[in-house]
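Asks: Reading the sequence shown from the start, the letters are residues 119 to 306 in the numbering used here. All C-beta atoms in this analysis are idealised placements derived from N, C-alpha and C, irrespective of residue type, glycine included. Predicted, not measured: the structure shown is a model, and the values here were computed from it.
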Amino acid sequence: MSLPPDSPQPDRVVIDAEELSRALTRMAHQLLEANRGASDLVLLGIPTRGAPLARRLAALIEQAEGTAVRLGTLDITMYRDDLRRHPTRPVGRTEVPGSIDDAVVVLVDDVLFSGRTVAAAFDALRDLGRPRAVRLAVLVDRGHRELPIAADAIGRTIQTAADERVSVRLTEVDGLDEVTISRAGDRR
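1. Within a Cβ cutoff of 7 Å, which residues of the same chain sit near residue 261, ignoring the five residues on either side of it in sequence?
2. When we look at the beta-carbon of residue 249 and count the other beta-carbons within 10 Å, is it buried (16 or more) or exposed?
3. Determine the direct distance from the alpha carbon of residue 170 to that of residue 284, and round the result to whole angstroms.
4. Run through the region 171-220 for me and flag every whole beta strand (DSSP E) of 3 or more residues, listed as ranges in chain order.
5. Buried or exposed: where does residue 165 fall if 16 or more other Cβ atoms within 10 Å of its Cβ makes it buried?
6. From 286, 270 and 174, pick the residue whose C-alpha is nearest to that of residue 163; which is it?
7. Of all the options 156, 208, 194 and 292, which has the alpha carbon lying nearest to the alpha carbon of residue 185?
8. Over the uninterrupted beta strand (DSSP E) stretch that includes residue 159, give me the two end residues.
9. Grouping DSSP H, G and I as helix and E and B as strand, with all else coil, what is residue 259?
10. Would you kindly report the start and end of the unbroken beta strand (DSSP E) that includes residue 285?
11. Could you tell me which residues DSSP puts in a beta bridge with residue 251?
12. Just how far apart, CA to CA, sit residue 154 and residue 301?
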């Protein structure tokens with residue numbers, strides 16, 4: 119049975135739990151290789167789903183290196199450039215584990231799209247100190263950049279149409295691990 123052309127299409131799973139786990143393991147090793155180990159790494163997850171991804175990456179890095187990585191969260195709500203046009207969620211907490219001066223800070227987020235979230239994260243980070251370097255780790259790079267921003271560690275690159283929605287679901291937030299794509303007007 120086919121659906122009428124104007125009816126919502128079901129979400130299409132593009133990354134299942136097993137592939138998500140493999141992608142995070144690969145990302146952890148990419149970060150270790152680029153940094154030549156875990157020394158001076160600070161992982162900052164961008165809420166909501168960047169925070170649990172950062173925790174998972176930190177655990178994988180610790181497992182591989184035997185060294186704990188400093189871990190925190192970076193709320194970018196008040197740094198967004200669309201506050202006047204869109205209502206915002208409540209301001210969250212920024213928790214930074216000590217000074218970031220001269221550290222290699224890895225910003226962790228779920229989806230890289232326009233680049234505006236990462237730009238806001240750069241602004242928020244600037245208020246906290248001066249890292250030696252800033253890296254970006256994202257589970258999904260879906261293209262359609264509006265700003266010249268690229269990720270250093272990517273779980274998976276997925277080609278999408280501009281009107282599609284990429285949804286990352288994580289056990290810690292949503293009760294399951296998967297990444298889906300749906301049309302913007304479809305149910306979520």
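Replies: With the structure as the only source:
1. 277 and 278
2. buried
3. 18 Å
4. 188-191
5. buried
6. 174
7. 156
8. 159-163
9. strand
10. 282-287
11. 222
12. 41 Å
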